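Enquirer: So that we are looking at the same thing, I have put the structure below in structure tokens.
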Amino acid sequence: MMKLGKISPLAFSHMKQRGISIAALNDLITHGQVEKQFDGAQVVYLDSPVPSPSWTSRPQPRLYAVMDAAGDVLTVEKRVRLRG
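Numbering-wise (this note's numbering), the sequence shown opens with residue 230 and increments by one.
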């Protein structure tokens, strides 16, 4: 289980712009899937649950954070993927 470290000014700015709360970031860090990068950085992501059939035409958000080797949050993003 990972812990939330320092949040960079860029990450904090992105959080404010995209409506991502500290609680959501903490949940992402605690429950997200981790991809380790060759330089020690980590990409932590959390895909939204699979929608019911009535939601199939709506875009699905994906929340992710990029953290350095020390566990500090460098940036946070919420992407929308359109399902075809």
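C-beta: ideal position from N, C-alpha, C; glycine also. All figures in this text were calculated on a predicted structure; none of them were measured in a lab.
For I249, count neighbouring Cβ atoms within 10 angstroms of its own Cβ and tell me buried if that reaches 16, exposed if not.
Expert: In the sequence shown, counting from the first residue as 1, residue 249 sits at position 20. Its Cβ being crowded by 16 or more others within 10 Å, I249 is buried.
Enquirer: Check each candidate in L257, K245, M296 and name the one with the smallest Cα separation from K265.
Expert: As a first step, residue 265 is located in the sequence shown; it is residue number 36 there, counting from the start. For the residues L257, K245, M296, the minimum Cα distance to K265 belongs to M296.
Enquirer: Between which two residues does the alpha helix (DSSP H) harbouring Q246 extend?
Expert: If you number the sequence shown from 1, residue 246 lands on position 17. Start and end: 238-247.
Enquirer: My assumption, with CB atoms under 8 Å, is that V305 sits in contact with A240. Please give the rounded CB distance.
Expert: Here residue 305 refers to the residue found at position 76 of the sequence shown. Here residue 240 refers to the residue found at position 11 of the sequence shown. Confirmed, about 5 Å.
Enquirer: Below 8 Å between beta carbons: does that hold for L210 and I258?
Expert: Because the chain is modelled from 230 through 313, residue 210 falls outside the range shown and cannot be assessed.
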